[in-house]
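Going by the numbering used here, the first residue of the sequence shown is number 330, and it counts up by one from there.
Beta carbons are placed, not taken as given, at the ideal position from N, Cα and C, and that holds for glycine.
Treat the numbers as computed from the prediction; the structure is a model and nothing was measured.
One structure below.
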Amino acid sequence: MSESAGKSFLWNGRAVRFQPGETVAAALRRAGVTAFGSAAGGQQGRYFCGIGACQGCLVSPAEGMPFEACLTLARPGMVLGPVLPAEGPGA
Ligand code: FES
Numbered sequence: 330m331s332e333s334a335g336k337s338f339l340w341n342g343r344a345v346r347f348q349p350g351e352t353v354a355a356a357l358r359r360a361g362v363t364a365f366g367s368a369a370g371g372q373q374g375r376y377f378c379g380i381g382a383c384q385g386c387l388v389s390p391a392e393g394m395p396f397e398a399c400l401t402l403a404r405p406g407m408v409l410g411p412v413l414p415a416e417g418p419g420a
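This is the structure we're talking about:
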């Protein structure tokens, strides 16, 4: 059995397997996840630039601030989901 067997994180409650050194965005893409939730300007979040410039790939961890999935290495046990749209006027 390879060293990478069993390495996964959760995306919206779904286990997503990843390879060593793979970013969250790359693992999600390989798993067929193309919509990452809300992005700036009311756009659909997605993996676009891959270099941290567009902010299109922001994802939310269970605790903490959203981060760029394209710049963040996947780690076992991460619990992630889409960034929820801001609520309320002026949010
Ligand atoms: S894909 Fe552009 S910041 Fe991640």
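If I follow the unbroken alpha helix (DSSP H) through V362, where does it start and stop? The count along the sequence shown starts at 1 and reaches residue 362 at position 33. Going by DSSP, V362 is part of no alpha helix (DSSP H) at all; its letter is neither H nor E.
### Message
Among V362, G361, C383 and R359, whose alpha-carbon lies nearest the alpha-carbon of A369?
### Response
Within the sequence shown, numbered from 1, the residue matching residue 369 stands at position 40. Nearest to A369 by C-alpha distance, out of V362, G361, C383 and R359, is C383.
Can you give me the Cβ contacts of E351 inside the same chain, cut-off strictly under 6 Å, excluding the 5 residues immediately before and after it?
-> Taking the first residue of the sequence shown as position 1, residue 351 is located at position 22. Closer than 6 Å at Cβ, skipping near neighbours: A403.
Fill in: Residue environment, C399, which counts as buried when at least 16 other CB atoms sit within 10 Å
Your numbering for residue 399 matches position 70 in the sequence shown. Buried, by the Cβ-count rule.
Just to check, is the beta-carbon of A344 closer than 7 Å to a non-hydrogen atom of the ligand FES?
-> On the sequence shown, residue 344 is found 15 positions in, with the first residue counted as 1. No.
What residue range does the beta strand (DSSP E) around A344 cover?
What you label residue 344 is simply residue 15 of the sequence shown in a count that begins at 1. Where A344 is concerned, the enclosing beta strand (DSSP E) stretches over R343 to R346.
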